[in-house]
Amino acid sequence: MSIVLTGVCQAYSGFELRDVSFEVSTGEIVGFLGPNGAGKSTTLRILLGLERPARGTALIEGTPYARMAQPMRTIGSILDAQWIAGGQTVTQYLNWLAIAGGLDRSRIPLLLEQVDLAYAAKRRVSRLSLGMRQRLGLAGALLGDPRYLVLDEPLNGLDPEGIRWFRDLLRQLRDQGRGILLSSHILTEVSAVADRVVMISNGRVTGSGSLSDFEAEGSLEDAFFKHLAPKER
Numbered sequence: 001m002s003i004v005l006t007g008v009c010q011a012y013s014g015f016e017l018r019d020v021s022f023e024v025s026t027g028e029i030v031g032f033l034g035p036n037g038a039g040k041s042t043t044l045r046i047l048l049g050l051e052r053p054a055r056g057t058a059l060i061e062g063t064p065y066a067r068m069a070q071p072m073r074t075i076g077s078i079l080d081a082q083w084i085a086g087g088q089t090v091t092q093y094l095n096w097l098a099i100a101g102g103l104d105r106s107r108i109p110l111l112l113e114q115v116d117l118a119y120a121a122k123r124r125v126s127r128l129s130l131g132m133r134q135r136l137g138l139a140g141a142l143l144g145d146p147r148y149l150v151l152d153e154p155l156n157g158l159d160p161e162g163i164r165w166f167r168d169l170l171r172q173l174r175d176q177g178r179g180i181l182l183s184s185h186i187l188t189e190v191s192a193v194a195d196r197v198v199m200i201s202n203g204r205v206t207g208s209g210s211l212s213d214f215e216a217e218g219s220l221e222d223a224f225f226k227h228l229a230p231k232e233r
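Using full-length UniProt numbering, the first residue of the sequence shown is number 1, and each one after it goes up by one.
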């Protein structure tokens, strides 16, 4: 079982996503690594049905996200924790998300414990720091107990203790059999947890392989700069 992107293309004024292809299987963390503006977020939006590709396919166990009856039971995501509606409390937000996704609300207290937000259950989202919103976003992503997670820059706003906690949790989720796509422009974030790495630069996949393959080039940092498109070096 896997997420499969094949020949995904998209074009905007001044930017083109070209033939992006890679897979994410259950039981692994795939680091999606590239500079800001390289095409990471566009790729994730296409995968999650928020944009239609000009060409190519993005399938989750053989089905596009938009055609899944209850997608949150299969794939959870964090794209931008800052957009979460600020007028609701933490619990109200998760209740709303569960109802919208047709999910069981009884898991909410357990998830708040898991992401260390139980103490803030009645706090308004508008009063949360960015790091706390990232934790809330992860709780929302896990509501449906999905087999896959898609995380876009999930460590933004976390302090060093929070980063260590998040890394440990990602490893636990992987060891439970989940497939995780971790998008980031931060080398240390990816190298600390990834099993495989997909590098993207200027809208194209420029490298793909195991973390050890890239580290054999000297370090992940050396490989990263080697695989940058010339205009991004």
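Ideal Cβ positions, reconstructed from N, Cα and C, are used throughout, including at glycine.
| task | Give every residue of the same chain whose Cβ lies closer than 8 Å to the Cβ of E51, excluding the five residues on either side of it in the sequence, and list them in chain order. | result | Q10, T42, R45
| request: Would you mind sorting K40 into buried or exposed? The rule is 16 or more other CB atoms within 10 Å of its CB. | output: buried
| field | Rounded distance between the beta-carbons of L170 and A139, thought under 8 Å | value | That pair is no contact at about 14 Å.
| task | State whether the segment 193 to 209 contacts the segment 17 to 30, with contact taken as three or more CB pairs (one from each stretch) at a distance under 8 Å. | result | Three or more beta-carbon pairs drawn from the segment 193 to 209 and the segment 17 to 30 are found closer than 8 Å, and the two stretches are therefore classed as touching.
| field | Sufficient close CB pairs (3 or more, under 8 Å) joining the segment 139 to 151 to the segment 174 to 184 | value | yes
| 8 Å contact criterion, which E28 and R196 should meet: CB distance rounded | 6 Å
| field | Buried versus exposed, by CB contacts within 10 Å (16 or more), P160 | value | exposed
| request: Count the other C-beta atoms from every protein chain shown that fall within 10 angstroms of the C-beta of Y65, then say buried if there are 16 or more, exposed otherwise. | output: buried
| query | Which residue from E153, K226, S208 puts its Cα closest to that of L130? | reply | Of E153, K226, S208, the residue nearest in Cα terms is E153.
| Secondary structure at R178, three-state DSSP: helix, strand or coil? | Assigned with DSSP and collapsed to three states, R178 falls in coil, not helix or strand.
| task | Can you have a look at A69 and say buried or exposed, based on whether 16 or more other CB atoms are within 10 angstroms of its CB? | result | exposed
| request: Quick one: residues in its chain with C-beta nearer than 7 Å to the C-beta of R55, no 5 flanking neighbours on either side, listed in chain order? | output: Around R55, the same chain offers G7, C9 as residues with beta carbons nearer than 7 Å, after the five sequence neighbours per side are excluded.
| task | Can you have a look at L220 and say buried or exposed, based on whether 16 or more other CB atoms are within 10 angstroms of its CB? | result | buried
| message | Between E215, R204, T206, V205, which has its C-alpha nearest V190's C-alpha? | response | Comparing Cα-Cα distances from V190 to each of E215, R204, T206, V205, the minimum goes to E215.
| What separation, rounded to the nearest whole angstrom, lies between the Cα atoms of N36 and V24? | 22 Å
| field | CB-CB length for I84 against V125, believed under 8 Å | value | 5 Å
| Between the beta-carbon of I99 and the beta-carbon of L151, is there less than 7 Å? | no
| task | Please report the residue range of the beta strand (DSSP E) in which T89 lies. | result | Run containing T89: none; DSSP gives neither H nor E here.
| Cβ shell of L111 (< 6 Å), same chain only, five flanking positions each side left out | A139, L142
| With distances taken between CB atoms, is the gap from F22 to L5 smaller than 7 Å? | yes
| query | Just the Cα atoms here: how many angstroms apart are D168 and L182? | reply | 14 Å
| request: Measure the alpha-carbon distance for F224 versus I163 and round it to whole angstroms. | output: Whole-angstrom Cα-Cα distance: 22 Å.
| Under a Cβ-count criterion, where at least 16 other Cβ atoms within 10 Å of its own Cβ denotes burial, should T206 be classed as buried or exposed? | T206 should be labelled buried.
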